[in-house]
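Enquirer: Before I ask anything, here is the structure I am working with.
Residue numbers (my numbering): 86 to 212.
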């Protein structure tokens, strides 16, 4: 299983040319592709602010994508919340902390271009 950062999910669906070779390969070979429920929040915020264009309302778009691409949405559990709090001093952005904590909790790599997350070393990354 791999976990996608929000921008990777968007690029995977609309702009695959923006993905690195390693990211693209991981999407092709992963047995399970997942996102954090926090990614759904980020998609909704970006859509409301007109920063992204998607074909439907955010909930329907994510549900359709989950069915079409067999995408798994991982919940924000108590463990994810606590781990995210522990990462706050390193990553700062609460959304990044929650997404990274989701990857840590499930023991999976995070596919991300975010250099701060990559440099932090708090979670295995693919890019």
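Note that beta-carbon positions come from the ideal geometry of N, C-alpha and C, so glycine has one too.
Would you mind listing the alpha helix (DSSP H) stretches within the region 125-196 that are 4+ residues and don't spill past its ends, in chain order?
Expert: 143-154, 163-176 and 179-191
Enquirer: Would DSSP call residue 121 helix, strand or coil?
Expert: strand
Enquirer: Over the uninterrupted alpha helix (DSSP H) stretch that includes residue 95, give me the two end residues.
Expert: Per DSSP, residue 95 belongs to the alpha helix (DSSP H) from 91-99.
Enquirer: Quick check on this structure: which residue in 145, 159, 201 and 193 has the alpha carbon closest to the alpha carbon of residue 175?
Expert: 201
Enquirer: So what does residue 87 bridge to, in DSSP terms?
Expert: 118
Enquirer: For the putative contact between residue 118 and residue 89, defined by C-beta atoms under 8 Å, what is the C-beta separation to the nearest angstrom?
Expert: 7 Å
Enquirer: Judging by CA-CA distance, which residue of 147, 121 and 120 is the nearest neighbour of residue 132?
Expert: 147
Enquirer: Would you call the region 177-184 and the region 192-208 in contact, with 3 or more CB pairs under 8 Å?
Expert: yes
Enquirer: Residue 196 and residue 100 - do their beta-carbons sit closer together than 8 Å?
Expert: no
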